[in-house]
Amino acid sequence: MQPEFLDAVLKNCKLMDIHTVVETSGYAEPEVIKRVAQYVDLFLYDIKVMNDERHKETTGVSNNLIF
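Written as structure tokens, this is what we have:
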């Protein structure tokens, strides 16, 4: 996620009554997700791998932040 850019775009969309959807891996701090969520109508999560070890092998990072 690019939270600063996303905040600005989503706020403007809401002001213009535009439905908002964010597609994300969910790899962001919970505070960022909460802040952005107030302007989002729908989140689409792209979950790569449920198993943490395999997720690390596949993406290079843990999935603990996502789940």
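Take the position in the sequence shown, starting the count at 1, then add 2; the result is the number in our numbering. Even glycine gets a Cβ: it sits at the ideal position worked out from N, Cα and C.
Note to self: I need the boundaries of the alpha helix (DSSP H) containing L17, first residue and last residue.
What the structure shows: P5 to L17
Next item on the list: Would you mind reading off the limits of the alpha helix (DSSP H) that contains T60?
Entry: Unbroken alpha helix (DSSP H) run through T60: D54 to T61.
Next item on the list: Indicate whether Y41 and L17 have their beta-carbon atoms separated by less than 7 Å.
Entry: Cβ distance not < 7 Å, so Y41 and L17 don't count as in contact.
Margin query: Please report whether the beta-carbon of F69 lies at a distance below 7 Å from any beta-carbon of chain B.
Written below: Absent from the structure: chain B. Only one protein chain is present.
Check: Mind checking I68: buried by the 16 CB within 10 Å criterion, or exposed?
Finding: buried
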